[in-house]
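Number of protein chains: 2
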Amino acid sequence: MSLRMALLGLLVTKGPTNGYALTRTFADSLSHVWSAQHSQVYPELARLAETGLVTVQDEGPRGQKRYTVTDAGRDALRHWLTEVEPNRTVRNENALRAFLLPTLDREDAARLVRKEAEYYQRRTEEITRQRDMLRDPQSTGFGVYAAELGVRISSAIADWAEWAEARLEAERARGNGG
Amino acid sequence: MSLRMALLGLLVTKGPTNGYALTRTFADSLSHVWSAQHSQVYPELARLAETGLVTVQDEGPRGQKRYTVTDAGRDALRHWLTEVEPNRTVRNENALRAFLLPTLDREDAARLVRKEAEYYQRRTEEITRQRDMLRDPQSTGFGVYAAELGVRISSAIADWAEWAEARLEAERARGNGG
DNA sequence: GGATACATGTAATGAGTTACATGATTCC
DNA sequence: GGAATCATGTAACTCATTACATGTATCC
Numbered sequence: 001m002s003l004r005m006a007l008l009g010l011l012v013t014k015g016p017t018n019g020y021a022l023t024r025t026f027a028d029s030l031s032h033v034w035s036a037q038h039s040q041v042y043p044e045l046a047r048l049a050e051t052g053l054v055t056v057q058d059e060g061p062r063g064q065k066r067y068t069v070t071d072a073g074r075d076a077l078r079h080w081l082t083e084v085e086p087n088r089t090v091r092n093e094n095a096l097r098a099f100l101l102p103t104l105d106r107e108d109a110a111r112l113v114r115k116e117a118e119y120y121q122r123r124t125e126e127i128t129r130q131r132d133m134l135r136d137p138q139s140t141g142f143g144v145y146a147a148e149l150g151v152r153i154s155s156a157i158a159d160w161a162e163w164a165e166a167r168l169e170a171e172r173a174r175g176n177g178g
Numbered sequence: 001m002s003l004r005m006a007l008l009g010l011l012v013t014k015g016p017t018n019g020y021a022l023t024r025t026f027a028d029s030l031s032h033v034w035s036a037q038h039s040q041v042y043p044e045l046a047r048l049a050e051t052g053l054v055t056v057q058d059e060g061p062r063g064q065k066r067y068t069v070t071d072a073g074r075d076a077l078r079h080w081l082t083e084v085e086p087n088r089t090v091r092n093e094n095a096l097r098a099f100l101l102p103t104l105d106r107e108d109a110a111r112l113v114r115k116e117a118e119y120y121q122r123r124t125e126e127i128t129r130q131r132d133m134l135r136d137p138q139s140t141g142f143g144v145y146a147a148e149l150g151v152r153i154s155s156a157i158a159d160w161a162e163w164a165e166a167r168l169e170a171e172r173a174r175g176n177g178g
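Structure below.
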C-alpha cells in the first residue's frame, strides 16, 4: 500500500512522469523516506493503471510511458493519508543491532558504535544540506517536512551513538561486563 | 537475516526459550525494535535448528520446545554484528506521510500532524518509562541501549510533529498554499 | 465445566530483492 | 562505433502478514 501511495504522491507533486524517473527519485531525493527498485515500480504502475488510479498520458521515445494521476488516484491518496491508520510496525535494523550490542565484548561493541556514529554524522550533514535548500519559509516545496524529519531522526541516532560510546567507556572504566 | 539474528540474540540473552515466549518478547519489550508474528518465528526456529545454529534443548508440556543457541549460533551472531555491513534501506511510513503532507489541504494536514504529535508523545513516555527501569549505570542489562535509542527517535518524531504543526500554522497565517 | 492463556504449526497472499533480459538514444 | 544512460519488463526467491487449524494446561 505504501509504495502505491508513494507513487501516487510523486505523480501528484511532479506531474506526468515515467517509471524510470520515479525509480530515480526513490534512489535520490526520497532515499531517506522510502525506497523501491525499478522491478517493483513498473509492475506497481501497471496495477495502478489497471485500477484506474493513474493513466498512461503519452508514450515517448525508447518505449517511455508517462503516467498521470487520475481524480480517483487523488481521492485514494487523500483517503489513505487522512483515514487509514498508519502502520506503526517497527523493524529497525539499527535498533536491533543496538539491542544486541551487549552480546558483544567491549572492544567489538565500541568499534560498532563508533562506526555508527560516523555514518549518521555524515548522513545528518547530507540531509541537512538537502533540507537547507528547501527551508525557505516562503517555500511550500515538497520534501521540506520529510527532510526536516530526516535530519531530526538521523541526528538523534548520531547522538545516541555518541552516548553509547561514552557509556561503554564508563563501563570499561568500572571494569564491568564484557 | 535480521529476524534470524534477533532470535539468536534473544536466545543468547534469555537462555533456553520456546517460540511462544520469543513471539511474546517481540510483541512486548522488543516492539519498538523489531517485530515478528508467531507464523514467522516457528518456521525460522526450525530453519535455525536445521542449520545447527540452535538446538532443541528439551520438550515440555503442551508440545513446548525450548531452544538453545549453539557455539555456531554465537559465532554467526557475532559475525553479523561485527562484519556484515548494516542494511541502511529506509522504508519509513511516517516519513512518507510527512513527505506527502503538502498534497493535503491545510486542515487535513494539520489534523494529521496533530494526531502524530499525540501518538509519539504517548509513545515517548511509554518507552521512557521502560528505559528508566533499565537505566541504572550499574546495569549491563539488555535493552538499555535499544531503549535509549527508542526514546531518542520517538521524541525526535514528536518534536518534528510539533514543528510541522507550527509551520503549517505559519503558512496559514501568511495565507500561503492550500 | 468453561474461559483464558499456552503452545505449535501450515497456507495463501502480498511486499521486496536480486538477477536475468532486451532494446533505444545520446554523448564522445 | 563504443560507452553510458535511458527505458521497460520478467522470474526466482526471500521476507512478512493474515487467516486457518489444532490441541493442552491452568484458573475460577
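Quick mapping for you: the protein sequence lines, in order, are chains Y and F.
Reading the first sequence from the start, the letters are residues 1 to 178 in full-length UniProt numbering.
Reading the second sequence from the start, the letters are residues 1 to 178 in full-length UniProt numbering.
Quick reminder that beta carbons are idealized off the backbone N, C-alpha and C, glycines included.
Helix, strand or coil for N94 (chain F) per DSSP?
-> helix
Compute the distance between the beta-carbons of E171 (chain Y) and W163 (chain F), then report whether it is under 8 Å.
-> no
Given that P86 (chain Y) touches chain F, what residues does it touch there, using C-beta distances under 7 Å?
-> E93, N94 and R97
Can the beta-carbon of E93 (chain Y) be found less than 8 Å from the beta-carbon of N87 (chain F)?
-> yes
If you check the beta carbons only, do L77 (chain Y) and M5 (chain Y) fall under 8 Å apart?
-> yes
Residues near A110 (chain F) in its chain [Cβ-Cβ closer than 7 Å; skip 5 each side] | E165 and L168
Using the C-alpha atoms, what's the distance from L112 (chain Y) back to R131 (chain Y)?
-> 28 Å
Nearest CA to the CA of Y20 (chain Y): which residue from Y:R62, Y:R47 and Y:E50?
-> Y:R62
Determine whether the Cβ of L104 (chain F) lies closer than 8 Å to any Cβ atom of chain Y.
-> yes
Return no unless some Cβ of chain F is closer than 8 Å to the Cβ of V54 (chain Y).
-> Not a single CB atom of chain F sits nearer than 8 Å to the CB of V54 (chain Y).
Where does P102 (chain F) land, buried or exposed, given buried means 16+ other C-beta within 10 angstroms?
-> By the 10 Å Cβ count, P102 (chain F) comes out buried.
Identify every residue that forms a DSSP beta bridge with Y67 (chain Y).
-> Paired residues: Y:T17 and Y:V56.
Taking 8 Å as the cut-off, decide whether the C-beta atoms of A98 (chain Y) and Y145 (chain F) are in contact.
-> Remark: C-beta atoms of A98 (chain Y) and Y145 (chain F) approach each other more closely than 8 Å.
Unbroken alpha helix (DSSP H) run spanning S35 (chain Y), endpoints = Where S35 (chain Y) is concerned, there is no enclosing alpha helix (DSSP H), given that its DSSP letter is neither H nor E.
Nearest to L3 (chain Y) by alpha carbon, out of F:A72, F:V90 and F:Q57?
-> Residue F:V90 is the option with its Cα nearest to L3 (chain Y).
Find the residues of chain Y that neighbour E148 (chain F), judging by a C-beta separation of less than 9 Å, and give them in chain order.
-> Residues of chain Y passing the Cβ test: A98, W160, W163, A164 and R167.
According to the Cβ coordinates, are L53 (chain F) and A36 (chain F) closer than 8 Å?
-> no
Counting contacts by CB-CB distance shorter than 8 Å, is G9 (chain Y) in contact with chain F?
-> yes
Helix, strand or coil at D136 (chain Y) [DSSP, three-state] | coil
Taking only the alpha-carbon atoms, compute the straight-line gap between L104 (chain Y) and R74 (chain F) and give it to the nearest angstrom.
-> 10 Å
Within-8 Å CB hit, I127 (chain Y) to chain F = no
Alpha carbon to alpha carbon, how far is E118 (chain F) from D108 (chain F)? Give it in angstroms, no decimals.
-> 16 Å
For F142 (chain Y) and chain F, any beta-carbon pair shorter than 8 Å?
-> yes
Would you verify that the beta carbon of H38 (chain F) is, or is not, closer than 8 Å to some beta carbon of chain Y?
-> no
So which of F:F142, F:T70, F:R135 and F:V151 has the shortest CA-CA distance to Y120 (chain F)?
-> F:V151
Could you tell me the boundaries of the alpha helix (DSSP H) in which R167 (chain F) lies?
-> Counting along the chain, the alpha helix (DSSP H) containing R167 (chain F) begins and ends at V144 to R174.
Indicate the three-state DSSP secondary structure (helix, strand or coil) for T89 (chain F) in the structure shown.
-> coil
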